[in-house]
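Remarks on the structure that follows.
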Amino acid sequence: MAAAAAAEGLAAYRAVLRAARRTFAGDRLMLAESAVEIRRRFEEHRGLAPGSGEAARALSDAREAAHFITHMIVQAQRAPSGSFVVKPEKEHAGATLEDVQ
Numbered sequence: 001m002a003a004a005a006a007a008e009g010l011a012a013y014r015a016v017l018r019a020a021r022r023t024f025a026g027d028r029l030m031l032a033e034s035a036v037e038i039r040r041r042f043e044e045h046r047g048l049a050p051g052s053g054e055a056a057r058a059l060s061d062a063r064e065a066a067h068f069i070t071h072m073i074v075q076a077q078r079a080p081s082g083s084f085v086v087k088p089e090k091e092h093a094g095a096t097l098e099d100v101q
């Protein structure tokens, strides 16, 4: 059971990191800061008992975070004119806050 819980935690960790890498591609500061924050959050929950309600909630929160990062955040790029350009991808089409809850 502990091995399965550890594998599930690792999969959730990787999913959140992957979502951040995809969303913040090209933004070195956001990539670095998001990786630090993701690691900190997972380290806070390292000692949770496998199969506990608290562990299940933490894994659910991690999956929700990966979904939110992927579908609700769009990275703006600075145009040569100095303004910012936002290019939503197909993942963002029709996304609403209700999708996350």
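According to the UniProt record's numbering, the sequence shown holds residues 1 to 101 in order. Note that beta-carbon positions come from the ideal geometry of N, C-alpha and C, so glycine has one too.
Take residue 19, set aside five residues on each side of it, and the residues of its chain with a beta-carbon closer than 6 Å to its own are 66, 69 and 70, in chain order. In this structure the stretch 38-50 does not touch the stretch 77-93; the number of beta carbon pairs closer than 8 Å is below three. The alpha-carbon separation between residue 59 and residue 9 amounts to approximately 7 Å.
Bridge pairing for residue 76: 86 [DSSP]. The residues 50, in chain order, have a CB closer than 7 Å to that of residue 2 in the same chain once the five nearest residues on each side in sequence are set aside.
Rounded to the nearest whole angstrom, the CA to CA distance from residue 14 to residue 77 is 26 Å. DSSP places residue 58 in the helix class (H, G or I) of the three-state scheme. Excluding its 5 nearest sequence neighbours in each direction, residue 27 has C-beta neighbours in its own chain below 7 Å: 75, listed in chain order.
In the three-state scheme derived from DSSP, where H, G and I count as helix and E and B as strand, residue 24 is classed as coil.
Collapsing the DSSP output to three states places residue 81 in coil.
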